[in-house]
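Chemist: Once you've had a glance at the structure underneath, I'll fire off some questions.
Numbering (this note's numbering), first residue to last: -1 to 247.
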C-alpha cells in the first residue's frame, strides 16, 4: 500500500498538500510517494518555491529533467529515502551477474526492472555543466513570466477565462466562454479554436478536459520562447475565437 501525492498534475499543474498528507501517512505507517514528474524541479525558481511544498516529506519521489531541465527524452530521476526497499523488491542476481562493489559503487540493476540502461545521466550532467544551477533557475523564471503574460492578456479579455489560476507553473488552461452558450456549445467552440490555431501552423497548443469542460492548454518550457511568441499566440487565439464565434452565429 502507498499514497501518491501529485506535484504538478499533467492537465492543470495542480499541487496536492504534500505536507498534510505526509502527516496522515506517518500516523498510519504508510509509504508516501510524490509524483513530482513536472513540478519537482520548479523549486529552483525563486518565484515558484513558496508555492511548492517541501518534497523531503515523501518517502520517494520522481521528477523528470526532460520536462523541466531542458533535457531531451527520456530522463527521469527517482529519489528514495529507503533504498533497501527497492533492492529487496528488484534484486534477483544469478551467479553470472554477481560482482564486487568497491568504493561505495551502486549497481543500478537492483533498483528497477531494467538490467541494462543507457547513460541517461550524461545529458543531465551536460545541461548542468552548460547552464549552471543559476542559469537553469533563470530560464525557469523566464518561463513563469511568459505564462503570467498570457494569463494577464486573458484576464483583460471579456470572454476568455484562465481555468487553472492557482497553479504556480507555466501551464495555462484557457477557455473561451461568451455568454448565451450551453456547456456543450462552449466545448465545441473551444475545440474549433484549438484546431484553427494548430492548423495555421504558427503556434501549437494542446487541450484537456476539466470540470468546466474543454480547455485549451498552453505549456511553456522551451528556452527559445520569447515574449513576442506569447503575443503572437494570444493574437492567434483571439482571432480564431472571433472567427469561430462569427461563423457559429
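Note that beta-carbon positions come from the ideal geometry of N, C-alpha and C, so glycine has one too.
#1: In the DSSP assignment, find the alpha helix (DSSP H) that holds residue 129 and state where it starts and stops.
#2: For residue 215, count neighbouring Cβ atoms within 10 angstroms of its own Cβ and tell me buried if that reaches 16, exposed if not.
#3: Using beta-carbon positions only, say whether residue 224 and residue 134 come within less than 8 Å of one another.
#4: Could you tell me whether any Cβ in chain C is nearer than 8 Å to the Cβ of residue 199?
#5: What three-state label does DSSP hand residue 213 in the structure shown?
#6: Pairs of beta-carbons, one from the stretch 71 to 81 and one from the stretch 142 to 150, closer than 8 Å: are there three or more?
#7: Could you tell me the alpha carbon to alpha carbon distance between residue 28 and residue -1, rounded to whole angstroms?
#8: Taking residue 60 as part of the beta strand (DSSP E), name the residues at either end of that continuous run.
#9: Report buried or exposed for residue 233, applying the criterion of at least 16 other Cβ atoms within 10 angstroms of its Cβ.
#10: Residue 38 and residue 16 - do their beta-carbons sit closer together than 8 Å?
#11: Excluding the 5 residues preceding and the 5 following residue 226 in the sequence, name in chain order all residues of the same chain whose CB lies nearer than 7 Å to its CB.
#12: Nearest to residue 129 by CA position, among 163, 100, 69, 97, is which residue?
#13: So who's on the other strand from residue 78, going by DSSP bridges?
#14: Using three-state DSSP, classify residue 230 as helix, strand or coil.
#15: Buried or exposed for residue 22, going by 16 or more other Cβ atoms inside 10 Å?
#16: Specify whether the stretch 205 to 219 and the stretch 165 to 184 touch according to this definition: at least 3 beta carbon pairs, one from each stretch, less than 8 Å apart.
#17: Assign residue 161 to buried or exposed, taking buried as 16 or more other Cβ atoms, counted over all protein chains shown, within 10 Å of its Cβ.
#18: Out of 242, 192, 141, 45, which one is the CA nearest neighbour of residue 206?
#19: What does residue 158 pair with, by DSSP beta-bridge criteria?
#20: Report all residues from its chain with a CB closer than 6 Å to the CB of residue 122; omit the five preceding and five following residues, and keep chain order.
#21: In the structure shown, what three-state DSSP assignment does residue 220 receive?
#22: Mapping the DSSP letters down to three states, classify residue 245 as helix, strand or coil.
Modeler: Working from what's here:
#1: As a first step, residue 129 is located in the chain shown; it is residue number 131 there, counting from the start. Element bounds for residue 129: 119 to 153.
#2: Position 217 of the chain shown, counting from 1, holds the residue named residue 215. A residue is called buried when at least 16 other Cβ atoms come within 10 angstroms of its Cβ; residue 215 meets this threshold and is buried.
#3: The sequence position of residue 224 within the chain shown is 226, counting from 1. The sequence position of residue 134 within the chain shown is 136, counting from 1. Between residue 224 and residue 134, the C-beta gap is not smaller than 8 Å, which leaves the two residues out of contact.
#4: No chain C appears in this structure, which consists of one protein chain only.
#5: Residue numbering aside, residue 213 sits at position 215 when the chain shown is read from its first letter. In the structure shown, residue 213 sits in a strand (DSSP, three-state: E or B).
#6: With the cut-off at 8 Å, the stretch 71 to 81 and the stretch 142 to 150 do not touch.
#7: On the chain shown, position 30 is the one that residue 28 refers to. On the chain shown, position 1 is the one that residue -1 refers to. Roughly 7 Å between the two C-alpha positions.
#8: Here the question's residue 60 lines up with position 62 in the chain shown. Per DSSP, the unbroken beta strand (DSSP E) holding residue 60 starts and ends at 58 to 61.
#9: Residue 233 sits at position 235 when you count from the first residue of the chain shown. Residue 233 is exposed by the Cβ-count criterion.
#10: As a position in the chain shown, residue 16 is number 18, starting the count at 1. As a position in the chain shown, residue 38 is number 40, starting the count at 1. Between residue 16 and residue 38, the C-beta gap is not smaller than 8 Å, which leaves the two residues out of contact.
#11: Taking the chain shown and counting its residues from 1, the one referred to as residue 226 is at position 228. Counting only Cβ-Cβ distances below 7 Å, and skipping sequence neighbours, we find nothing.
#12: Position 131 of the chain shown holds residue 129. Of the candidates 163, 100, 69, 97, 69 places its Cα closest to the Cα of residue 129.
#13: By 1-based counting over the chain shown, the position of residue 78 is 80. Beta-bridge pairing links residue 78 to 58.
#14: For the purposes of this step, residue 230 is identified with residue 232 of the chain shown, where counting begins at 1. In the structure shown, residue 230 sits in a helix (DSSP, three-state: H, G or I).
#15: To locate residue 22, count along the chain shown from 1; it is residue 24. With fewer than 16 Cβ atoms within 10 Å of its Cβ, residue 22 is classed as exposed.
#16: Output reads yes: the stretch 165 to 184 touches the stretch 205 to 219.
#17: Along the chain shown, read from residue 1 onward, the residue named residue 161 stands at position 163. Buried, because 16 or more other Cβ atoms sit within 10 Å of the Cβ of residue 161.
#18: Numbered from 1 along the chain shown, position 208 holds the residue referred to as residue 206. Per the C-alpha coordinates, the member of 242, 192, 141, 45 positioned closest to residue 206 is 192.
#19: Locating residue 158 in the chain shown gives position 160, where the first residue counts as 1. Residue 158 pairs with 174.
#20: Start at 1 with the first residue of the chain shown, and residue 122 comes out as number 124. Taken in chain order, the residues that qualify are 63, 69, 73.
#21: The count along the chain shown starts at 1 and reaches residue 220 at position 222. In the structure shown, residue 220 sits in coil (DSSP, three-state: anything other than H, G, I, E or B).
#22: Translated into positions along the chain shown, residue 245 becomes position 247. The answer is helix: DSSP assigns residue 245 an H, G or I state.
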